[in-house]
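Undergrad: Just dropping this structure here.
Number of protein chains: 2
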Amino acid sequence: MAHDQPIGEASAPLAPAILQEEWLTLSPQERLDRFHRLPWADAEMFFLSLSTHDQAEVVRGLPLAEQRLWMRLLAPDDAADVIQEAPPEERDGLLALLAEPIREEVRGLLAYDEEEAGGLMNPRFAHVRPEMHSREALTALRQQAKKSLDMPYYIYVLDREQRLLGVVSFRELFMASTEASVRDLMQAEVISVAEDQDQESVAAVIAQHDFLAVPVVDQVGRIKGIVTVDDVMDVVREEATEDIQKLAGMQAFDMPYLRTGFGPLLKKRAGWLMVLFLGEMLTATAMGYFEDEIARAVVLALFVPLIISSGGNSGSQAATLVVRAMALGEVRLRDWWRVLRRELGAGLALGAVLGSIGMLRIIVWQLLFHPYGEHWIWVALTVGLALVGVVLWGTLSGSMLPFVMQKFGVDPATSSAPFVATLVDVTGLVIYFTVASVMLRGALL
Amino acid sequence: MAHDQPIGEASAPLAPAILQEEWLTLSPQERLDRFHRLPWADAEMFFLSLSTHDQAEVVRGLPLAEQRLWMRLLAPDDAADVIQEAPPEERDGLLALLAEPIREEVRGLLAYDEEEAGGLMNPRFAHVRPEMHSREALTALRQQAKKSLDMPYYIYVLDREQRLLGVVSFRELFMASTEASVRDLMQAEVISVAEDQDQESVAAVIAQHDFLAVPVVDQVGRIKGIVTVDDVMDVVREEATEDIQKLAGMQAFDMPYLRTGFGPLLKKRAGWLMVLFLGEMLTATAMGYFEDEIARAVVLALFVPLIISSGGNSGSQAATLVVRAMALGEVRLRDWWRVLRRELGAGLALGAVLGSIGMLRIIVWQLLFHPYGEHWIWVALTVGLALVGVVLWGTLSGSMLPFVMQKFGVDPATSSAPFVATLVDVTGLVIYFTVASVMLRGALL
């Protein structure tokens, strides 16, 4: 919820700003103590700038008489979010602190999932009737503004059943002649979102059209509330953080790193590490198949980490590129063929670059230190060719896996980069030793 | 720049929406053709919804007479962005298309770096004098609104030298008695940003305070423009994308994946892949030192991929967590000690989990298939212990590297996850073979 008025810095020299810096390092009890010592005006500003999670923590830590004060300071959608942060058994108590009409609004909001438009929206918005004239409309808005309306710059035009007929900007209303009718001023077709629309897609609508707010309507076109750009900005940040964490092979964290308890910290990380570890065990199995080759040509083992990590790195790159492009709506499911063609070229080119460097390294070392025996030229060719194959394979599987995941309804961000790396480690070994057994037959093997 | 009025859907059934879907798949020439065929109202809406890059492409593709039309449709800050997208030799021509007073504004904006507050700001904003009364102020605003003001909900109070004295919300002015003076209504202390402040930190100020806009002031406190929340939303998305791409070991892309030419696509990816490859070559060197051990106990080579990838995965996790927490301001340089302590615990715990699974795997396989010879129990212990060491080391170096990078003024996102993985691959081998040479001395070695 945007503050209706910009908040100035505190008159006490920057106390809240300093507290903001310290806040993370304090225990819950210290936080309450510091919060209590703030002057009223600072405390209000500070409280409103806290995250929903911290607002809930502060409110729940205060004595009952004080809880009411802070809960009533919140806009209905923020109050609903704070109540959702509390354990189920405390929710009715917090709800009861609100004033009667607001309590009903908040109860309505609690019915929605936190991650959809209904859970994000503010049920209050400026509205007028189509038959009003500009002057009447401004008077009506002045009345509505007294009930602490949030952002009165899009004015929604509703019929008696609350159906959305159109929208008019505050500026147009303000500048129109006093006798112009709302019906003539309004735009009749309005982009809106559904109550159960996912918050990420609501954010995309607002971002794409540079809207300040978008109305939420039910199935029969009745307006239920508005989602404002500032709420959506938090969504964009949260979703990016979730994607980044998932891409690195862990579950998304619910809370800032330093605030996550040690237990949850481990749980979020150990799960995927174990899955990847189990997958990676197949490398031991794969290497087992080539144990005889390794015994005869130990030199082959030396390049195993180099080769599989090159496949893993190029696969992670490709997977990350495609996953992010999908999240931003730049690449869709049906683009898989275009992506495949590009990545085929990119994989071959990148493989050729790394393969050449790899061969050059072996040739130079051989000339300087002679470590690779008489068949060194075949070793160099094996490594170079295997690098082309592994990098190409890593790039292709990295770029295609996100499409497969999306096709089957799995979030493509989920651990795809390390998953590709693991996949390519196992298959990369097979590629490497297969190339070796062809190239080195009769020489080393 | 926010549209001052919400834009309705097109009257032609959804033409722009469909074009939006297709846009990515069209060639520049096809785009211009399709754009030309849109009805005027749709074309206007569609043009405004395009990214800066695409707006520049469309404008530059049009005949001169039509260029003027579209350039003049843009708000000054957007016009400046479009001009910055064009090659230097075309910029003066585009600038000349603008109407006289706006041309000067845009020229002023072009002096700023695109990535700082000055390059992001709109030089137009609503302003009043402190001695005005509410009614006079509203009249003044009505005049200013005619010059297509952007968002008239924060009204800035300026003295005759354009110095920022305070701010008043439009709502307060609108609801105040007509005789109330601006000086009494305004808040005297205003949070502002500097002209050269980085866009990421401007975004953080707006996000933290839930502002709709923040004023940009010069060193002597004169207001130069305002940055609005919708401009900043694009910044948040762009910065997240850059971080995600850097974290996966590539340079940040300037353009959407499918729009990036094949040459730039390779260039952005090959650079870091080559650096990582050169680093990873050290694994061949490290394994070379242990060639004798491998020759005597080939079984050791089988677990190399498993062990180094476990270190890499846990290191990437830790690095990503810390980098993202830093970007969100949740972790700062001075928190390194707290992070180190947590990651020490996490690394040991995760290492113990993976080490146990690894040992269990060897024991079970031995009981079923007897592949690891008579000293299998020592092999199991070696692998288990090495896993604890490698995972602990990966976690610690992954969590500390971002602090080192930030300390030396390098963006911690830059390739840190794969860089840690490479570092841990090399050092992990040393840990593994050192543990092996101690544990297996007299048995296998």
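The listed protein sequences correspond, in order, to chains A and B. Heads up: the first sequence begins at 1 in the numbering used here, then just goes up one per residue. Heads up: the second sequence begins at 446 in the numbering used here, then just goes up one per residue. All C-beta atoms in this analysis are idealised placements derived from N, C-alpha and C, irrespective of residue type, glycine included.
Determine whether the Cβ of His820 (chain B) lies closer than 8 Å to any Cβ atom of chain A.
TA: Against the second sequence, residue 820 (chain B) aligns to sequence position 375. No - not a single Cβ of chain A is within 8 Å of the one on His820 (chain B).
Undergrad: For the region 792–858 of chain B, which segments carrying the alpha helix (DSSP H) assignment without a break, of at least 4 residues, lie completely within its bounds, in sequence order?
TA: Whole alpha helix (DSSP H) segments, 4+ residues: 821–852.
Undergrad: Would Ala325 (chain A) pass as a contact of Ala413 (chain A) if the rule is Cβ separation under 8 Å?
TA: Here residue 325 (chain A) refers to the residue found at position 325 when the first sequence is read from its first residue. Here residue 413 (chain A) refers to the residue found at position 413 when the first sequence is read from its first residue. No, Cβ-Cβ distance for Ala325 (chain A) and Ala413 (chain A) is not below 8 Å.
Undergrad: Taking DSSP as the reference, what is the three-state secondary structure of Asp198 (chain A)?
TA: Stepping through the first sequence from its first residue, residue 198 (chain A) is reached at position 198. Strand, per DSSP.
Undergrad: Looking at the structure shown, is Arg479 (chain B) part of a helix, part of a strand, or coil, going by DSSP?
TA: As a working note, residue 479 (chain B) is residue 34 in the second sequence. Helix at Arg479 (chain B).
Undergrad: Report yes or no: is there a C-beta of chain B within less than 8 Å of the C-beta of Tyr153 (chain A)?
TA: Here the question's residue 153 (chain A) lines up with position 153 in the first sequence. Yes, its Cβ sits closer than 8 Å to a Cβ of chain B.
Undergrad: Leaving out five residues on either side along the sequence, give the residues of the same chain with a beta carbon under 6 Å from the beta carbon of Gly724 (chain B).
TA: Mapped onto the second sequence, residue 724 (chain B) falls at position 279. The answer, listed in chain order, is Thr867.
Undergrad: For Glu452 (chain A), which residues in chain B fall below 9 Å Cβ to Cβ?
TA: Chain A is shown from 1 up to 445; residue 452 (chain A) falls before or after that span and cannot be answered.
Undergrad: Do Leu721 (chain B) and Pro568 (chain B) count as a contact pair if the criterion is CB distance below 8 Å?
TA: Position 123 of the second sequence holds residue 568 (chain B). Position 276 of the second sequence holds residue 721 (chain B). In this structure, Leu721 (chain B) does not lie closer than 8 Å to Pro568 (chain B) by Cβ.
Undergrad: Do Ser192 (chain A) and Leu164 (chain A) have their CB atoms nearer than 8 Å?
TA: Position 192 of the first sequence, counting from 1, holds the residue named residue 192 (chain A). Position 164 of the first sequence, counting from 1, holds the residue named residue 164 (chain A). Taking 8 Å as the Cβ cut-off, Ser192 (chain A) and Leu164 (chain A) qualify as a contacting pair.
Undergrad: Among the candidates B:Glu606, B:Tyr598, B:Glu624, B:Asp604, whose CA atom is the shortest distance from the CA of Val613 (chain B)?
TA: As a working note, residue 613 (chain B) is residue 168 in the second sequence. Val613 (chain B) has its Cα closest to that of B:Tyr598, out of B:Glu606, B:Tyr598, B:Glu624, B:Asp604.
Undergrad: When DSSP labels each residue in this structure, what does Gly533 (chain A) get in the three-state scheme?
TA: The question about residue 533 (chain A) has no answer, for chain A in this structure spans 1 to 445.
Undergrad: Could you tell me the distance, in whole angstroms, from the CA atom of Ser860 (chain B) to the CA atom of Arg222 (chain A)?
TA: Numbered from its first residue, the second sequence carries residue 860 (chain B) at position 415. Numbered from its first residue, the first sequence carries residue 222 (chain A) at position 222. One C-alpha to the other measures close to 49 Å.
Undergrad: Confirm, please, whether the CB-CB distance from Leu120 (chain A) to Ala205 (chain A) is below 8 Å.
TA: As a first step, residue 205 (chain A) is located in the first sequence; it is residue number 205 there, counting from the start. As a first step, residue 120 (chain A) is located in the first sequence; it is residue number 120 there, counting from the start. The amino acid at residue 205 (chain A) is misidentified as Ala; the sequence shows Val. Cβ atoms of Val205 (chain A) and Leu120 (chain A): not closer than 8 Å.
Undergrad: Give the interface partners of Glu291 (chain A) over in chain B, defined as CB-CB distance under 9 Å, in chain order.
TA: Taking the first sequence and counting its residues from 1, one reaches residue 291 (chain A) at position 291. Correct list: Val743, Val744, Ala746, Leu747, Pro816.
Undergrad: If I'm right that Ala126 (chain A) touches Ile155 (chain A) with Cβ under 8 Å, what's the distance once you round it to whole angstroms?
TA: Against the first sequence, residue 126 (chain A) aligns to sequence position 126. Against the first sequence, residue 155 (chain A) aligns to sequence position 155. Yes, Ala126 (chain A) and Ile155 (chain A) are in contact; Cβ-Cβ is about 5 Å, under 8 Å.
Undergrad: Could you check what DSSP says for Glu9 (chain A) in three-state terms: helix, strand or coil?
TA: Counting from one through the first sequence, the residue named residue 9 (chain A) turns up at place 9. Residue placement at Glu9 (chain A) is poorly supported in this model, since its pLDDT is 32, which falls under 50; the coordinates still yield a value, given next. Looking at Glu9 (chain A) - three-state DSSP - the assignment turns out to be coil, as it is neither helix nor strand.
Undergrad: Please work out which residues of its chain come closer than 6 Å, Cβ to Cβ, to Arg886 (chain B), disregarding the five sequence neighbours upstream and downstream, and give them in chain order.
TA: Counting from one through the second sequence, the residue named residue 886 (chain B) turns up at place 441. Closer than 6 Å at the Cβ level, and outside the excluded window around Arg886 (chain B), lies no residue.
Undergrad: Is the CB of Met620 (chain B) under 8 Å away from at least one CB in chain A?
TA: On the second sequence, residue 620 (chain B) is found 175 positions in, with the first residue counted as 1. Taking Cβ atoms only, chain A reaches closer than 8 Å to Met620 (chain B), which makes this a yes.
Undergrad: In chain B, which residues lie less than 9 Å from His53 (chain A) when you measure between Cβ atoms?
TA: Walking along the first sequence from the start, residue 53 (chain A) turns up at place 53. Going along chain B, no residue has its Cβ under 9 Å from His53 (chain A), so there is no contact; the nearest lies around 12 Å.
Undergrad: With 9 Å as the C-beta to C-beta threshold (strictly closer), list the residues of the region 119–144 of chain A near chain B in chain order.
TA: Taking 9 Å as the Cβ-Cβ cut-off against chain B, the residues of the region 119–144 of chain A that qualify are Leu138, Leu141, Arg142.
Undergrad: When you compare the CB positions of Leu618 (chain B) and Leu657 (chain B), do they come within less than 8 Å of one another, or not?
TA: By 1-based counting over the second sequence, the position of residue 618 (chain B) is 173. By 1-based counting over the second sequence, the position of residue 657 (chain B) is 212. Result no, Cβ atoms of Leu618 (chain B) and Leu657 (chain B) do not sit closer than 8 Å.
Undergrad: Please tell me whether Ser359 (chain A) has its Cβ less than 8 Å away from any Cβ of chain B.
TA: Working through the first sequence from its first residue, we reach residue 359 (chain A) at position 359. Correcting the residue identity first, residue 359 (chain A) is Met in this sequence and not Ser. Chain B, which has no Cβ nearer than 8 Å to the Cβ of Met359 (chain A), makes this no.
Undergrad: Between which two residues does the beta strand (DSSP E) carrying Leu609 (chain B) extend?
TA: Counting from 1 along the second sequence, the entry for residue 609 (chain B) is found at position 164. Per DSSP, Leu609 (chain B) belongs to the beta strand (DSSP E) from 609–614.
Undergrad: What does Asp447 (chain A) touch in chain B if you count any residue whose Cβ is under 8 Å from its own?
TA: Outside the modelled stretch of chain A, which goes from 1 to 445, sits residue 447 (chain A), for which no answer is possible.
Undergrad: Quick one: grab the DSSP three-state call for Val573 (chain B).
TA: For the purposes of this step, residue 573 (chain B) is identified with residue 128 of the second sequence, where counting begins at 1. Val573 (chain B): strand per DSSP, three-state reduction.
Undergrad: Assuming Arg482 (chain B) contacts Leu471 (chain B) under a Cβ cut-off of 8 Å, what Cβ separation, rounded to an integer in Å, is found between them?
TA: For the purposes of this step, residue 482 (chain B) is identified with residue 37 of the second sequence, where counting begins at 1. For the purposes of this step, residue 471 (chain B) is identified with residue 26 of the second sequence, where counting begins at 1. Actually they do not touch by this definition, with Cβ atoms about 12 Å apart.
Undergrad: Hey, Leu360 (chain A) and Leu387 (chain A): beta-carbon distance below 8 Å or not?
TA: Within the first sequence, residue 360 (chain A) is the residue found at index 360, counting from 1. Within the first sequence, residue 387 (chain A) is the residue found at index 387, counting from 1. No, the pair does not count as a contact, with Cβ atoms beyond the cut-off.
Undergrad: What residues from chain A crowd round Ala715 (chain B), counting only those whose CB sits closer than 8 Å?
TA: The sequence position of residue 715 (chain B) within the second sequence is 270, counting from 1. Ala349, Leu350, Val353, listed in chain order.
Undergrad: Is Asp234 (chain A) close to chain B, meaning its C-beta is less than 8 Å from at least one C-beta of that chain?
TA: On the first sequence, position 234 is the one that residue 234 (chain A) refers to. Yes, because at least one Cβ of chain B sits closer than 8 Å to the Cβ of Asp234 (chain A).
Undergrad: If we call anything under 8 Å between Cβ atoms a contact, is Ala731 (chain B) one with Val875 (chain B)?
TA: Residue mapping note: residue 731 (chain B) aligns to position 286 of the second sequence, counting from 1. Residue mapping note: residue 875 (chain B) aligns to position 430 of the second sequence, counting from 1. Yes, Cβ-Cβ distance for Ala731 (chain B) and Val875 (chain B) is below 8 Å.
Undergrad: Any C-beta of chain D sitting closer than 8 Å to the C-beta of Thr320 (chain A)?
TA: The structure shown contains no chain D; the protein chains it does contain are A and B.
Undergrad: Measure the CB-CB distance between Pro847 (chain B) and Ala764 (chain B) and report whether it falls below 8 Å.
TA: Reading the second sequence from its first residue, position 402 is the one you call residue 847 (chain B). Reading the second sequence from its first residue, position 319 is the one you call residue 764 (chain B). Yes, the Cβ-Cβ distance between Pro847 (chain B) and Ala764 (chain B) is below 8 Å.
Undergrad: For Asp230 (chain A) and Val674 (chain B), what's the separation of their Cα atoms in angstroms?
TA: Residue 230 (chain A) sits at position 230 when you count from the first residue of the first sequence. Residue 674 (chain B) sits at position 229 when you count from the first residue of the second sequence. Rounded to whole angstroms, Asp230 (chain A) to Val674 (chain B) spans 7 Å at the Cα level.
Undergrad: Can you check whether the C-beta of Glu89 (chain A) is within less than 8 Å of a C-beta belonging to chain B?
TA: Taking the first sequence and counting its residues from 1, the one referred to as residue 89 (chain A) is at position 89. No - not a single Cβ of chain B is within 8 Å of the one on Glu89 (chain A).
Undergrad: Report the option in B:Asp699, B:Leu745, B:Ala888 whose CA atom is closest to the CA atom of Glu816 (chain B).
TA: Position 371 of the second sequence, counted from the first residue, corresponds to residue 816 (chain B). Here residue 816 (chain B) turns out to be Pro, not Glu, going by the sequence shown. The shortest C-alpha separation from Pro816 (chain B) is found at B:Leu745.
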